[in-house]
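Residue numbers (my numbering): 22 to 780.
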Amino acid sequence: MQRRFQTGRRLLSFQEYLELFASDPARHGRDAARYVRDMFDHFGTYPVKRPWGECTRYRLFDLPWEPEPMRASGANGRRAPYHGRDAALIGHEELQGEIYRALSNFVQEGRANRLVLMHGPNGSAKSTIAGCVLRALEHYSTLDEGALYRFHWVFPSRKTTRGAIGFGGEGAAAPIGGSFAHLEDTQIDARLVSELRDHPLFLLPVPERRELLKKLYEEAGIADAPPDWLMSGKLSHKNQQIMEALLVSYEGSLADVLRHVQVERWFISRRYRTGAVTIGPELSVDAGERQITADRSLAALPTALQARTLFEAHGDLVEASGGVLEFSDLLKRPLDAFRYLQLTLETGEVSLPQQTIQTNVVMIGSANDIHLNAFREHPEFPSFRGRFELLRAPYLRSYLDEQRIYDAQIAPFVTRHVAPHATRVAAQFAVLTRMRQPEAKRYPEALAPIVSSLTAAEKMEAYATGTPPERLDGDSQKLLRANIRALYQETDATVDFEGRSGVSPREIRSLLLDAAQSRDHGCLSPFSVLTELDELCKRTSEYDWLKERPLAGGYHDHKLFRDVVRARLLDTLEEEMRSASGLVDETRYGELFDRYVQHVGAWVKGEKIRNPHTGDFEGADERMMREIEGLLGVRGKHDDHRRGLIAMIAAWAIDHPGERVVNAVVFPQQIRKLREAVFTERRKAVALLCRDLVAMLRDRANHAAQGVRDEPLVGSLREEQRKHALAALDRLKAMGYCESCALDAGSALLRARFAELVT
22 MQRRFQTGRR LLSFQEYLEL FASDPARHGR DAARYVRDMF DHFGTYPVKR PWGECTRYRL
82 FDLPWEPEPM RASGANGRRA PYHGRDAALI GHEELQGEIY RALSNFVQEG RANRLVLMHG
142 PNGSAKSTIA GCVLRALEHY STLDEGALYR FHWVFPSRKT TRGAIGFGGE GAAAPIGGSF
202 AHLEDTQIDA RLVSELRDHP LFLLPVPERR ELLKKLYEEA GIADAPPDWL MSGKLSHKNQ
262 QIMEALLVSY EGSLADVLRH VQVERWFISR RYRTGAVTIG PELSVDAGER QITADRSLAA
322 LPTALQARTL FEAHGDLVEA SGGVLEFSDL LKRPLDAFRY LQLTLETGEV SLPQQTIQTN
382 VVMIGSANDI HLNAFREHPE FPSFRGRFEL LRAPYLRSYL DEQRIYDAQI APFVTRHVAP
442 HATRVAAQFA VLTRMRQPEA KRYPEALAPI VSSLTAAEKM EAYATGTPPE RLDGDSQKLL
502 RANIRALYQE TDATVDFEGR SGVSPREIRS LLLDAAQSRD HGCLSPFSVL TELDELCKRT
562 SEYDWLKERP LAGGYHDHKL FRDVVRARLL DTLEEEMRSA SGLVDETRYG ELFDRYVQHV
622 GAWVKGEKIR NPHTGDFEGA DERMMREIEG LLGVRGKHDD HRRGLIAMIA AWAIDHPGER
682 VVNAVVFPQQ IRKLREAVFT ERRKAVALLC RDLVAMLRDR ANHAAQGVRD EPLVGSLREE
742 QRKHALAALD RLKAMGYCES CALDAGSALL RARFAELVT
């Protein structure tokens, strides 16, 4: 511990700090805005591909400094409790970029002169975003790249000095070693803390400081000029009083004054409210002051200071100096409670009764759109608008991202097994409630009818996977796929933007926890989630999204939403039951389609293909291509279909340069159609296997309820049936099922899809 303290350069004399500063002037001369921006840069970025385009994600929002096991569990291996603002951020790459843009603007302007205000509906991750930034600052300040320094005044005891000017005696002081910075506590009578964390170079007179900074920047090869904040910054009122008093005592000797300076490395901490402070909507001013010379022994201070009245500042603005101050739910405050922010942001100063303090802090905040809309109607809103950087924080609109929230924040903490698709059902319903009906007039003539025909479910799927509806022809699918970005950004310029309303992730998290306690299911089952969704939708007086009038295409129709997610769930369960049946090797679909594409390519180019059996080069197999096209439901001219297929491969290759063409990626719909067509004739066999599986699992469940430990005999099944049922169960377990949720899935399929086939 002692060695880390020393190697970490925690305490320095002023001269030692000057040497450290000279080693990297740009790093040690940053104000809060540049420091926070550099912190973003330190953790880096990486590209994220979305159906609406490639986005840049800032790695700090993944909390990369947290070891993976610690992110997933506590120190004893158990999952740690979830805390919303302590979680990694999922999605919101556009908002991340907007925050970085605002910080970069502050750097260009020389200081943070606006408050970054994120606004959106309740539960749209505003607090999580702020929490990630504050946690990243905490970690960054522990690194050499993020080292921060402030200074204090130290005054040695009589035993340490000879004569001690200003310390109760007369004559010249001659501190041992040239500085009092490294004296032990027993050798110090008084230590005055610089609560505003003034930069140590502020101790140098401005003219000399400017010359020194220009020289150091030039020697370091830094092309940019030193920041104006550092060139012209001044000491706080208390530090200036101490400085002047000591200069008088030492007859103007700055070198003697600087002997009393102790430079200390400090660290950002949310817990101790140091450089990272969050305040709620309290009805109080965020800075104050108190007299410090009145509540300590006058004899412990130098004689030169005993006659002065020193005041120190305190409060949220002071504690956040050098870092970030977060205003949670800012607009819940009455206007008078934050009116001072307007002048503070404009001038960079806060006026107190005895002093004016300079602020060096990045201010971020959050607000609900309801409060923001009310604030827009206030006559003083225009004057505040210029000091706010308004950034939208909508709900997520990709159910894959939404599902990741529940997989990370709910699934690991419930005591029951989480069945496959339970969180996906909840995520799809949540996103459906947020969809807005497209306005055809916003789109070009060719695209308008396609967009206007989209249902809420089709739009949801386009956002999540980029998959256009199968009902559209090839050209329409291609056109829609190319314009998903325009669809996604359609409402960006409107007040009622998509993602502004709908069910909150907070409500869905509570719903999932309730579903995990269902007495009708042994797991957190997708069917218990559907039951809870039915109950949620009965609370029409509580939620605005339940009061919206249903529109064409299924928008705002919460009853239809539940039907959609139920049908999609059954589709997925039926597909998994097909795979679990083992009737056809899943890899054969891909191999069959790959062979088809190979022959189509040869047919389009007029080339021949080597027959793997005979070794001869032959023309494309017309009979095989016709059979596959029949299974795919191709109607009309086969020639056009084949050329369109090759054109899709070419278009994909252009959009993904350097990537190998994988047919399963380029043609997922066609392969799924092929799979369904092949299984149509085997559907009854799958249904019978599902019946046998349910019978076996029910018998097992009954025996378990009766306390029978041995493997139960399934009298209703023949040995061959039981063997196939056990094999299917093993395959389902490999997919994440347990016996309870496998029984739920099989029973639901028997009722909804296979009833006629097994009677």
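We put the CB at the ideal spot given by N, CA and C, even for glycine.
- Unbroken alpha helix (DSSP H) runs of no fewer than 4 residues, entirely contained in the stretch 417 to 500, are found at 420 to 430, 443 to 453, 469 to 473, 477 to 486, following chain order.
- Comparing C-alpha distances from residue 355 to each of 402, 341, 539 shows the shortest one belongs to 402.
- Taking C-beta separations shorter than 8 angstroms and ignoring five residues to either side along the sequence, the partners of residue 248 in its chain run 50, 51, 52, 55, 131, following chain order.
- Distance from the Cα of residue 525 is smallest, within the candidate group 126, 33, 143, 42, for 143.
- Under DSSP, the beta-bridge partners assigned to residue 174 are 213, 282.
- In the structure shown, the three-state DSSP call for residue 70 is strand.
- Excluding residues up to 5 positions away in sequence, 258 lie with their Cβ nearer than 6 angstroms to the Cβ of residue 376 in the same chain.
- Boundaries for residue 300: no alpha helix (DSSP H) harbours it, while the beta strand (DSSP E) harbouring it runs 297 to 300, taken from the DSSP string.
- In this structure, the straight-line span from the alpha carbon of residue 442 to that of residue 406 is close to 44 angstroms.
- Contact between the stretch 154 to 169 and the stretch 292 to 302 is established, with three or more Cβ pairs separated by less than 8 angstroms.
- Restricted to the stretch 358 to 404, the beta strand (DSSP E) segments that are unbroken, complete and at least 3 residues in length are 370 to 372, 377 to 379, 383 to 389, listed in chain order.
- Around the CB of residue 147, 16 or more other CB atoms lie within 10 Å, so the residue is classed as buried.
- Take the alpha-carbon of residue 216 and the one of residue 270: they are about 24 angstroms apart.
- When DSSP states are grouped into helix, strand and coil, residue 43 belongs to the helix group.
- Inter-segment contact for the stretch 383 to 395 and the stretch 346 to 362 is present: three or more beta-carbon pairs are separated by less than 8 angstroms.
- The shortest C-alpha to C-alpha distance from residue 399 to any of 360, 203, 512 is the one to 360.
- At a Cβ-Cβ threshold of 7 angstroms, residue 252 and residue 280 do not count as neighbours.
- Nearest Cα to residue 601 within the set 684, 713, 649: 713.
- Here the alpha carbon of residue 603 sits roughly 7 angstroms from the alpha carbon of residue 749.
- Nearest in C-alpha terms to residue 451, of all of 438, 466, 477, 348, is 477.
- Taking residue 701 as reference, the option from 34, 756, 737, 652 with the minimal CA-CA separation is 652.
- Around the beta carbon of residue 640, fewer than 16 other beta carbons lie within 10 angstroms, which makes this residue exposed.
- The alpha-carbon of residue 81 is positioned some 15 angstroms away from that of residue 163.
- Taking 8 angstroms as the upper bound for CB-CB distance, residue 345 and residue 154 are in contact here, some 6 angstroms apart.
- Residue pairing of residue 227 in beta bridges, as defined by DSSP: absent, with no partner found.
- Counting C-beta pairs closer than 8 angstroms gives fewer than three between the stretch 416 to 432 and the stretch 364 to 382, which falls short of the contact rule.
- Under the criterion of beta carbons closer than 8 angstroms, residue 202 and residue 84 do not qualify as touching, at roughly 36 angstroms.
- Between residue 427 and residue 444, the C-beta gap is smaller than 7 angstroms, which places the two residues in contact.
- Between residue 283 and residue 438, the gap from beta carbon to beta carbon reaches 7 angstroms or more.
- Of the candidates 57, 210, 762, 75, 210 places its Cα closest to the Cα of residue 324.
- Around the beta carbon of residue 691, 16 or more other beta carbons sit within 10 angstroms, so the residue counts as buried.
- Taking 7 angstroms as the cut-off, the Cβ atoms of residue 145 and residue 448 do not count as close.
- For residue 549, the closest alpha carbon among the candidates 660, 533, 38, 558 is that of 533.
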